[in-house]
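S.K.: Quick one: the structure is below, questions incoming.
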Amino acid sequence: MSLLPHWSSRVFSVELDGAPIYFGVQEKFRGEEAPPPRVFRDARRDSCYSVLVCNRDRIGRAKFYAQLKDKLSRDLPPKCVLSPMSSFLPDVKDSLIRGYFLRADSECASLTERILGDLIQHDPVLVCSYLQRENGKLWTQHLWPHPGSETPREYCVVPSAEPQYHPSTLNIVNSDVFYSFEEAYEVLKKCGDIIPEATSVLELLPSRVEARSKPDFPVIVIEGLDATGKTTLTESLRDTLGAVLLQSPPQCLSPWRARFDQEPPLIRRAFYALGNYITAEQIGQEGMKTPVIVDRFWHSTAAYAIATAVSGSPCNLPAEGSELYRWPSDLLQPSLVVLLTLDPEERKRRLRDRGQGKTKEEQELDHSQHFRLRVEEAYRRIIGPSCITVDASPSADQVLQQVLRLIRGKCHL
Ligand SMILES: Nc1ncnc2c1ncn2[C@@H]1O[C@H](COP(=O)(O)OP(=O)(O)O)[C@@H](O)[C@H]1O
Ligand SMILES: Nc1ccn([C@H]2C[C@H](O)[C@@H](COP(=O)(O)OP(=O)(O)O)O2)c(=O)n1
Numbered sequence: 001m002s003l004l005p006h007w008s009s010r011v012f013s014v015e016l017d018g019a020p021i022y023f024g025v026q027e028k029f030r031g032e033e034a035p036p037p038r039v040f041r042d043a044r045r046d047s048c049y050s051v052l053v054c055n056r057d058r059i060g061r062a063k064f065y066a067q068l069k070d071k072l073s074r075d076l077p078p079k080c081v082l083s084p085m086s087s088f089l090p091d092v093k094d095s096l097i098r099g100y101f102l103r104a105d106s107e108c109a110s111l112t113e114r115i116l117g118d119l120i121q122h123d124p125v126l127v128c129s130y131l132q133r134e135n136g137k138l139w140t141q142h143l144w145p146h147p148g149s150e151t152p153r154e155y156c157v158v159p160s161a162e163p164q165y166h167p168s169t170l171n172i173v174n175s176d177v178f179y180s181f182e183e184a185y186e187v188l189k190k191c192g193d194i195i196p197e198a199t200s201v202l203e204l205l206p207s208r209v210e211a212r213s214k215p216d217f218p219v220i221v222i223e224g225l226d227a228t229g230k231t232t233l234t235e236s237l238r239d240t241l242g243a244v245l246l247q248s249p250p251q252c253l254s255p256w257r258a259r260f261d262q263e264p265p266l267i268r269r270a271f272y273a274l275g276n277y278i279t280a281e282q283i284g285q286e287g288m289k290t291p292v293i294v295d296r297f298w299h300s301t302a303a304y305a306i307a308t309a310v311s312g313s314p315c316n317l318p319a320e321g322s323e324l325y326r327w328p329s330d331l332l333q334p335s336l337v338v339l340l341t342l343d344p345e346e347r348k349r350r351l352r353d354r355g356q357g358k359t360k361e362e363q364e365l366d367h368s369q370h371f372r373l374r375v376e377e378a379y380r381r382i383i384g385p386s387c388i389t390v391d392a393s394p395s396a397d398q399v400l401q402q403v404l405r406l407i408r409g410k411c412h413l
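Taking UniProt numbering, the leading residue of the sequence shown gets 1, the next gets one more, and so forth.
Written out as structure tokens, the structure reads:
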């Protein structure tokens, strides 16, 4: 298994109360080890295990990781505590593998081991158990042998420093955010066997994608969280400017959206990325005749994807200026991108007044202040074009006038 030669260079991260605890492993005790990381100190008499997903194929990996939590929660005794876990090579792109850390008390440890023993026989997972030595002063990690493979390997657990880049940012390129048509297309093409709807989506895509010359008329994108007033504003802009109103994902993808929203991020984000290219094609055609207003575009795709991939506080986001915020070179660039921002309480009030059922993600925006802050901050960091923030709390007409002033200043309309 290709992960093993690097095993002792890997760092393991367990998320406890939303904050990561890092540890590493080394081949032998050296005698001067620092105290074990908190995740083990807390465990005291409990048995600890880790399960990491290790399919080689990234679509299989994404699908299986999504199923693993349900499977473990269903099969393991309720007293066994699950925490999200990952392992990575510090600051090395694409090196992240995900899984769970398990804590089982003495009553449920043997059942937990039986279930993990069964899992390793049938599924692409790496399983480790952890044993304490010298009254919990030292811990060892035991990598379980894979069916038909080598003998168990024992390592010594040591604390590890926080890496420069938050581990959840390491795999963003082409797993959460796609920077070219080809990369997103590849994912949906490979899904054809398991998701028949992927084939229908591929049939709707433009036959060739190239950064064509700019449309003659201005292209104005309106971005913002749900209920910030995008629909209200884009419809008024359309009427005031005699413009065409488009959206991303485009109308033609509506029948498939709910289906792809159920998929793990790799597949779901590839679907939204491709939606932008269909919208870009429509913008290219309409923009030769009239101004075009677009309700959500690339900023939404990248900001939600990055904010979902990264956990915890907005300071875990990739730093401002990171290549992860760059615009795809083969995607049409709008003339102006406006980001509507709204005080969270007012946004909640508007959501309530609108009285619609909420998607899981919208509920999360409500409950998790951190998630909302991550989306908004990611919006602000995207460049090529970057967005201009407009406070959406004044009346609908005042917001319209403010945005019209921006358009006239920037787009010579
Ligand atoms: N400037 C505004 N002031 C007060 N209410 C607004 C304003 N803009 C929109 N609304 C109301 O807030 C709700 C959400 O607006 P909507 O345009 O549907 O947002 P979005 O398209 O961003 O989800 C709607 O009920 C709308 O009538
Ligand atoms: N161009 C787009 C538009 C939306 N998305 C994704 C990002 C989020 O996961 C959801 C947000 O959509 P949501 O249904 O909340 O938004 P609206 O109700 O359309 O304002 O869709 C995207 O990735 N790319």
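The beta-carbon is built from N, C-alpha and C at its ideal position, and this holds for glycine as well.
For ligand 1, which residues count as neighbours when the test is a C-beta closer than 6 Å to any heavy atom?
M.R.: This selection yields G224, D226, A227, T228, G229, K230, T231, T232, R350, D353, R354, A392, S395, A396 and V399.
S.K.: With contact counted as at least three CB pairs below 8 Å, one residue from each stretch, are the segment 41-56 and the segment 239-259 in contact?
M.R.: In short, these stretches do not touch, since the Cβ pair count stays below three.
S.K.: To the nearest angstrom, how far is the alpha carbon of E57 from that of K190?
M.R.: Within the sequence shown, the letter at position 57 stands for residue 57. Within the sequence shown, the letter at position 190 stands for residue 190. In the sequence under discussion, the amino acid at residue 57 is Asp, which differs from the Glu named in the question. Straight-line Cα distance between these residues: approximately 10 Å.
S.K.: Report the three-state DSSP secondary structure of R208 (helix, strand or coil).
M.R.: Here residue 208 refers to the residue found at position 208 when the sequence shown is read from its first residue. Coil.
S.K.: Looking at C-alpha atoms only, which residue of F297, K63, E15 and S393 is the closest neighbour of G384?
M.R.: The residue given as residue 384 occupies position 384 in the sequence shown. Of the listed residues, the one whose Cα sits closest to G384 is F297.
S.K.: Considering only DSSP beta bridges, list what residue 422 is partnered with.
M.R.: Look at the range of the chain in this structure, 1 to 413, and you will see that residue 422 is not part of it.
S.K.: Exposed or buried, what is G409 when buried is set at 16 or more other beta-carbons lying within 10 Å of its beta-carbon?
M.R.: Reading the sequence shown from its first residue, position 409 is the one you call residue 409. It is exposed - the Cβ of G409 has fewer than 16 other Cβ atoms within 10 Å.
S.K.: Mind checking whether S160 and F23 have CB atoms under 7 Å apart?
M.R.: The residue labelled residue 160 in the question sits at position 160 within the sequence shown. The residue labelled residue 23 in the question sits at position 23 within the sequence shown. Against a cut-off of 7 Å, the Cβ pair of F23 and S160 comes out as a contact.
S.K.: Could you check if S175 belongs to the surroundings of ligand 2, using beta carbon to heavy atom distance under 6 Å?
M.R.: For the purposes of this step, residue 175 is taken as residue 175 along the sequence shown, with counting starting at 1. No.
S.K.: Do you know offhand how far L96's Cα is from S87's?
M.R.: Numbered from its first residue, the sequence shown carries residue 96 at position 96. Numbered from its first residue, the sequence shown carries residue 87 at position 87. L96 and S87: Cα-Cα distance of roughly 6 Å.
S.K.: Taking 6 Å as the line, does the beta carbon of T140 fall inside it for any heavy atom of ligand 2?
M.R.: Here the question's residue 140 lines up with position 140 in the sequence shown. No, Cβ of T140 sits at least 6 Å from all heavy atoms of ligand 2.
S.K.: The alpha helix (DSSP H) spanning R103 covers which residue range?
M.R.: To locate residue 103, count along the sequence shown from 1; it is residue 103. Element bounds for R103: not the alpha helix (DSSP H) but the beta strand (DSSP E), I97 to A104.
S.K.: Are Y100 and M85 touching if we call contact CB-CB under 7 Å?
M.R.: Residue 100 sits at position 100 when you count from the first residue of the sequence shown. Residue 85 sits at position 85 when you count from the first residue of the sequence shown. Yes, the Cβ-Cβ distance between Y100 and M85 is below 7 Å.
S.K.: Would you mind sorting A184 into buried or exposed? The rule is 16 or more other CB atoms within 10 Å of its CB.
M.R.: Position 184 of the sequence shown, counted from the first residue, corresponds to residue 184. Per the 10 Å Cβ criterion, buried.
S.K.: Which one or two residues does DSSP pair with H142 in a beta bridge?
M.R.: Start at 1 with the first residue of the sequence shown, and residue 142 comes out as number 142. DSSP lists S129 and E154 as partners of H142.
S.K.: Could you say which of Q251, T301 and T290 lies nearest to R268 if we only look at CA atoms?
M.R.: Counting from 1 along the sequence shown, the entry for residue 268 is found at position 268. For the residues Q251, T301 and T290, the minimum Cα distance to R268 belongs to T301.
S.K.: Quick check: does the Cβ of Y304 come within less than 6 Å of any heavy atom belonging to ligand 2?
M.R.: Numbered from 1 along the sequence shown, position 304 holds the residue referred to as residue 304. Yes - ligand 2 has a heavy atom lying nearer than 6 Å to the Cβ of Y304.
S.K.: Tell me which residues share the same chain as E154 and place their Cβ nearer than 6 Å to its Cβ, disregarding the 5 neighbours each side in the sequence.
M.R.: Taking the first residue of the sequence shown as position 1, residue 154 is located at position 154. Excluding positions up to five away in sequence, the list reads T140 and H142.
S.K.: Let me see if you follow: with CB-CB separation under 7 Å, is K28 close to chain C or not?
M.R.: No chain C appears in this structure, which consists of one protein chain only.
S.K.: Beta-carbon within less than 8 Å of I59's beta-carbon, same chain only, minus the 5 sequence neighbours each way: which residues are those?
M.R.: Counted from its first residue, the sequence shown places residue 59 at position 59. The residues are V187, K190, C191, I194, L266 and I267.
S.K.: Excluding the 5 residues flanking L111 on each side, which residues of the same chain have their C-beta closer than 7 Å to its C-beta?
M.R.: Here residue 111 refers to the residue found at position 111 of the sequence shown. Closer than 7 Å at the Cβ level, and outside the excluded window around L111, lie P77.
S.K.: Please classify residue 485 as buried or exposed, where buried requires at least 16 other C-beta atoms within 10 Å of its C-beta.
M.R.: Limits of the chain in this structure are 1 at one end and 413 at the other, which puts residue 485 out of reach.
S.K.: Would V219 and G312 be called neighbours here (beta carbons separated by less than 7 Å)?
M.R.: Counting from one through the sequence shown, the residue named residue 219 turns up at place 219. Counting from one through the sequence shown, the residue named residue 312 turns up at place 312. Cβ atoms of V219 and G312: not closer than 7 Å.
S.K.: Less than 7 Å separating the beta-carbons of E223 and C387?
M.R.: As a working note, residue 223 is residue 223 in the sequence shown. As a working note, residue 387 is residue 387 in the sequence shown. Yes.
S.K.: In three-state DSSP terms, what is P84?
M.R.: Here residue 84 refers to the residue found at position 84 when the sequence shown is read from its first residue. Three-state result, P84: strand.
S.K.: Nearest to L119 by CA position, among E134, Y179, G242 and C54, is which residue?
M.R.: Locating residue 119 in the sequence shown gives position 119, where the first residue counts as 1. Answer by Cα proximity: C54.
S.K.: Could you name the residues that DSSP lists as bridge partners for V375?
M.R.: The count along the sequence shown starts at 1 and reaches residue 375 at position 375. Partner(s): none; V375 has no beta bridge.
S.K.: Here's a check: name, in chain order, each residue in its chain whose Cβ is nearer than 7 Å to the Cβ of L116, leaving out the five neighbours to either side.
M.R.: Here residue 116 refers to the residue found at position 116 of the sequence shown. Taken in chain order, the residues that qualify are Y49, V51 and V127.
S.K.: Is it buried or exposed, Q251, if we count other Cβ atoms within 10 angstroms and call 16 or more buried?
M.R.: Position 251 of the sequence shown, counting from 1, holds the residue named residue 251. It is exposed - the Cβ of Q251 has fewer than 16 other Cβ atoms within 10 Å.
S.K.: Under DSSP, the alpha helix (DSSP H) around D118 begins and ends at which residues?
M.R.: Locating residue 118 in the sequence shown gives position 118, counting from the first residue. From DSSP, the alpha helix (DSSP H) with D118 extends over A109 to H122.
S.K.: Give the straight-line distance between the Cα atoms of C315 and L339, rounded to the nearest whole angstrom.
M.R.: As a first step, residue 315 must be located in the sequence shown, where it is residue number 315. As a first step, residue 339 must be located in the sequence shown, where it is residue number 339. Rounded to the nearest angstrom, the two C-alpha atoms are 21 Å apart.
S.K.: Considering only residues of the same chain and omitting the five flanking positions on each side of Q164, which have a CB-CB separation below 6 Å?
M.R.: Taking the sequence shown and counting its residues from 1, the one referred to as residue 164 is at position 164. Once the five neighbours on either side are set aside, the close Cβ partners of Q164 are D91.
S.K.: If you reduce the DSSP assignment to three classes, tell me which class Y49 lands in.
M.R.: In the sequence shown, counting from the first residue as 1, residue 49 sits at position 49. Note: Y49 maps to strand in three-state DSSP.
S.K.: Run the CB neighbour count on N135, radius 10 Å, all protein chains shown included, and call it buried at 16 or more, exposed below.
M.R.: Against the sequence shown, residue 135 aligns to sequence position 135. Answer is exposed; the Cβ neighbour count stays below 16.
S.K.: Let's test the definition: count the other Cβ atoms within 10 Å of the Cβ of S329 and tell me whether it reaches 16, buried, or not, exposed.
M.R.: As a first step, residue 329 must be located in the sequence shown, where it is residue number 329. By the 10 Å Cβ count, S329 comes out exposed.
S.K.: Looking at A309: is its Cβ nearer than 7 Å to the Cβ of D226?
M.R.: As a working note, residue 309 is residue 309 in the sequence shown. As a working note, residue 226 is residue 226 in the sequence shown. No, the pair does not count as a contact, with Cβ atoms beyond the cut-off.
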